[in-house]
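Protein chains: 2
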Amino acid sequence: MKPVTLKQIAERLNMSVSTVSKALKDYPDIGVDTKKRVRDLARSLNYKPNSLAVNLRTNESKTVGLIIPEIVHHFFSNVIKGIVSRAEKKGYLVIILQSDESNELERKQIELLLNQRVDGIIISLANDTDQCDHIEGVFKQQIPLVMFDKVSKRIDCSKVVIDDRKAAYEATKHLIDKGCKRIAHFRGALTPLNSIDRFMGYRTALLDHGLEFDPSLVYICACDDRSFEEGKENAKKLLEDHRDVDGVFINTDLVAIGALTEFKNQGVRVPEDIKVVGFSNWFMSSVISPSLTTIDQPGFRMGETAFDQLFIEIETLKKGKDLIFKNIELETKLIERETTG
Amino acid sequence: MKPVTLKQIAERLNMSVSTVSKALKDYPDIGVDTKKRVRDLARSLNYKPNSLAVNLRTNESKTVGLIIPEIVHHFFSNVIKGIVSRAEKKGYLVIILQSDESNELERKQIELLLNQRVDGIIISLANDTDQCDHIEGVFKQQIPLVMFDKVSKRIDCSKVVIDDRKAAYEATKHLIDKGCKRIAHFRGALTPLNSIDRFMGYRTALLDHGLEFDPSLVYICACDDRSFEEGKENAKKLLEDHRDVDGVFINTDLVAIGALTEFKNQGVRVPEDIKVVGFSNWFMSSVISPSLTTIDQPGFRMGETAFDQLFIEIETLKKGKDLIFKNIELETKLIERETTG
DNA sequence: AATCGTTACGAAAACGGTTGAGATTTTAGT
DNA sequence: ACTAAAATCTCAACCGTTTTCGTAACGATT
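Protein sequences appear in the order of chains A and B.
Going by our numbering, the first sequence opens with residue 1, and the numbers climb by one from there.
Going by our numbering, the second sequence opens with residue 342, and the numbers climb by one from there.
Encoded structure:
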């Protein structure tokens, strides 16, 4: 009923616990026949080491923590999947927590993970996280931490990101190439780095191609769970303010889909009257009509990469060596679909 | 640098480790002033109990395992969110694994979780899981297990489900009420219980309302990552075989969206020529055009409920009492949208 | 016969906390 | 003053493994 322990095996075989332990771990100082006897019995009793004990002894938990702003989200669930799949291969388990875009929750959850003695942490910061002392705490405990997607310049650690600026530049340039002369931008919140970078990419692309940058064409949205509505609202405002706009680059697919809906409701034709480019390549963007041109943000690979880097750092730290932080930028690509057709 | 231990506190205060431990846990046999001294120091040193040690001693890990077929999935990510949020409130952490709809992986992952000594397991079975001896193993270890969504009749345990049959009945009846006379059904794979139940609900609804049940109107799809394509393919076949069909009830929203796409491509008007009802109420169903009438499957609440039940069972088992398995059915509701407008 | 080197195993400390059973001191009751 | 009863604190075992160090046995070497 209760799981078998080394002790029970030792008693049955009339040997000491240490011998059994060593036999199972193939220590050279155990006789071959003893090893065989131990292993046979262990197998037949279905012995599995108690990880709680192993963890305590070895001072590692073989688990990593993952904190993301929102679980129900195409991009993040892809990241989760990437992390989980890599972790499993390396014998690690993943504990998931959701910060709900709240800095405060994020703090608590980091505490939680530290108390749980996770071997490492992967995090995408909440939107309202600007001060990061809670993150510093992680390094004090000698636990590696990798950031992805929403990162902070303030913290010195490995980061897995895309080149938001470049991607946004490409998206905007695509609109220009398609003949757009007056291009609006629905940007994300003001603090997150990636939202800033996308904005910068948009602006640079305009200026590089001899188009005027007009701040009144930039609309802000929080990109939270109201994204879709925000897209509609911004689109509505846009149509009221600027009837001459012929292209929009939008910070997130979901917002873009909201905008598309509003355009359709008001009889504005896409792509004939306005062309639209989104960001992230949510699955639904490929199945709506008109399908949405967007930037593919490789969530799955970001997850994989983030874990791989974390794993390297865990191993490095175990060997007592110094960490070398990497800034890994993954390639994005423009997916051309009907909204810029 | 390294986390503070009880021992260190004890030494500083010239008392024994046990006194410190008890003081922090508010044992009645420790003096009030001692308690205060201990607590003050513990706070100032930022003491946090080492959960690895606590876990070993108390023989509980304060973590639960969750196995789902697919992480990147609107329904499942909602479930995850529900579970994680409830677990966190009760001081539990959640380890997530993905079975990828593979029975074999499922086995391994259950092993993994058992070795990790999780306090409980929540699982939605893989499509191809029909024999369940690996699940029996969980109960042998006295670890509670709760199934949700894709459950098995073969296993005696608590289950959180929706009344698939009733929901499917309602969906089909809705089509009938809207005037459909010849209603097709795109069903899920053959083994999963919920796919069978939905099929039964569909059939019963037809018969109850004097419509003929025609097996050739039933199409099968695996509902895996090719769902969207499957929807298109089935729709294509349907249009080839049965031009007279005026309504379809489809096992999953994503398949339905694939079907809608094919209908649109072929110039079949929805809802005028064919009315469509999906299942699950994926977020995207509300933002596509025409928006999809569907059955709302409360993923978040299912997650919450599953964890709550698991929690009850964990507590029950701790007290040494016998478990009472519950079969919890959550309410679904029909969301009427444009595809049956 | 004393020394040495192997080989094969065991004892015991450790990891960091929990907890019941004493031990010691203080307080109260007669 | 003497004892019973509280009140407070410490001991020590324990959870299941890992790992260092010690040592017994035995044949080989000098």
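Just so you know, even glycine gets a beta-carbon here, dropped at the ideal spot from N, CA and C.
| Query | Result |
| --- | --- |
| With distances taken between CB atoms, is the gap from B:ARG495 to B:CYS473 smaller than 8 Å? | yes |
| Give the DSSP-derived three-state secondary structure of B:HIS526 in the structure shown. | strand |
| So with CB distances below 9 Å, who are the chain A contacts of B:VAL687? | As displayed, chain B neither begins before 342 nor continues past 682, which places residue 687 of chain B out of reach and without an answer. |
| In the DSSP assignment, what residue or residues form a beta bridge with A:GLU329? | A:VAL161 |
| For the alpha helix (DSSP H) that contains B:TYR543, what are its first and last residues? | 534-549 |
| Output, in sequence order along the chain, the residues in the stretch 85-101 of chain A whose CB is closer than 8 Å to any CB in chain B. | SER85, GLU88, LEU93, VAL94, ILE95, ILE96, LEU97, GLN98 |
| Using DSSP with H/G/I as helix, E/B as strand and the rest coil, what is A:TYR219? | strand |
| Classify A:ASN59 as buried or exposed, calling it buried when 16 or more other Cβ atoms lie within 10 Å of its own Cβ. | exposed |
| Note down the Cα distance separating B:HIS475 from A:LEU56, rounded to an integer number of angstroms. | 28 Å |
| Since I believe B:TYR560 is in contact with B:THR513 (beta carbons under 8 Å), could you give me their beta-carbon distance rounded to a whole number of angstroms? | B:THR513 to B:TYR560, Cβ: 15 Å. No contact. |
| Does any CB atom of chain A fall closer than 8 Å to the CB of B:GLN349? | no |
| Is the distance from the Cβ of A:THR252 to the Cβ of A:GLY278 below 8 Å? | yes |
| With DSSP as the reference, please indicate the residues paired to B:ILE437 in a beta bridge. | B:LEU407 |
| If we cut at 8 Å on Cβ distances, does B:PHE652 have a partner in chain A? | no |
| Taking a cut of 8 Å between CB atoms, which residues from the stretch 477-498 of chain B lie near chain A? | LYS481, GLN482, GLN483 |
| Is any beta-carbon of chain B found at less than 8 Å from that of A:ILE67? | no |
| Could you tell me how far apart the beta carbons of B:MET643 and B:VAL420 are, in whole angstroms, since I believe they sit closer than 8 Å? | 6 Å |
| Please check if any C-beta of chain A sits within less than 8 Å of the C-beta of B:PRO612. | no |
| May I ask you to verify whether the stretch 614-634 of chain B touches the stretch 502-521 of chain B, counting CB pairs closer than 8 Å and requiring at least 3? | yes |
| Compare the C-alpha of A:SER216 against each of A:GLU331, A:VAL245, A:ASP197, A:LEU193 and name the closest. | A:VAL245 |
| What three-state label does DSSP hand B:LYS519 in the structure shown? | coil |
| Which whole runs of the alpha helix (DSSP H) in the stretch 422-478 of chain B are 4 residues long or more, in chain order? | 444-456 |
| Give the straight-line distance between the Cα atoms of B:ARG427 and A:PHE75, rounded to the nearest whole angstrom. | 23 Å |
| Would you list, in chain order, the members of the stretch 551-570 of chain B that have their beta-carbon closer than 7 Å to a beta-carbon of chain A? | PHE569 |
| Any beta carbon of chain A sitting closer than 8 Å to that of B:THR646? | no |
| Please list, in chain order, all residues of the same chain as B:LEU548 whose beta carbon is under 8 Å from its beta carbon, the five residues on each side excluded. | PHE554 |
| Show which residues of chain B have a CB atom less than 8 Å away from the CB atom of A:THR261. | VAL628, SER630 |
| Please indicate yes or no: does the CB of B:ALA428 lie closer than 7 Å to some heavy atom of the ligand GDP? | In terms of ligand content, the structure shown is empty, and the ligand GDP therefore cannot be addressed. |
| If the cut-off is 8 Å on Cβ atoms, which residues from the stretch 114-134 of chain A count as contacting chain B, listed in chain order? | LEU114, ASN115, GLN116, ARG117 |
| Determine the burial state of A:LEU190: buried for a count of at least 16 other Cβ atoms within 10 Å of its Cβ, exposed for fewer. | exposed |
| Anything in chain B within Cβ reach of A:LEU56, meaning under 7 Å, just list it in chain order. | LEU393, ALA394, LEU397 |
| Could you spell out the range, first to last residue, of the alpha helix (DSSP H) harbouring A:PHE343? | The first residue shown for chain A is 1 and the last is 341, placing residue 343 of chain A beyond what the model contains. |
| Given that A:MET1 touches chain B, what residues does it touch there, using C-beta distances under 9 Å? | LYS481, GLN482, GLN483 |
| Check whether chain A comes within 8 Å of B:MET625, counting only Cβ atoms and requiring the distance to be less than that. | yes |
| Quick one, which residues of the stretch 377-389 of chain B are near chain A if we go by CB-CB under 7 Å, in chain order? | LYS389 |
| Hey, A:ILE122 and A:ILE110: beta-carbon distance below 8 Å or not? | no |
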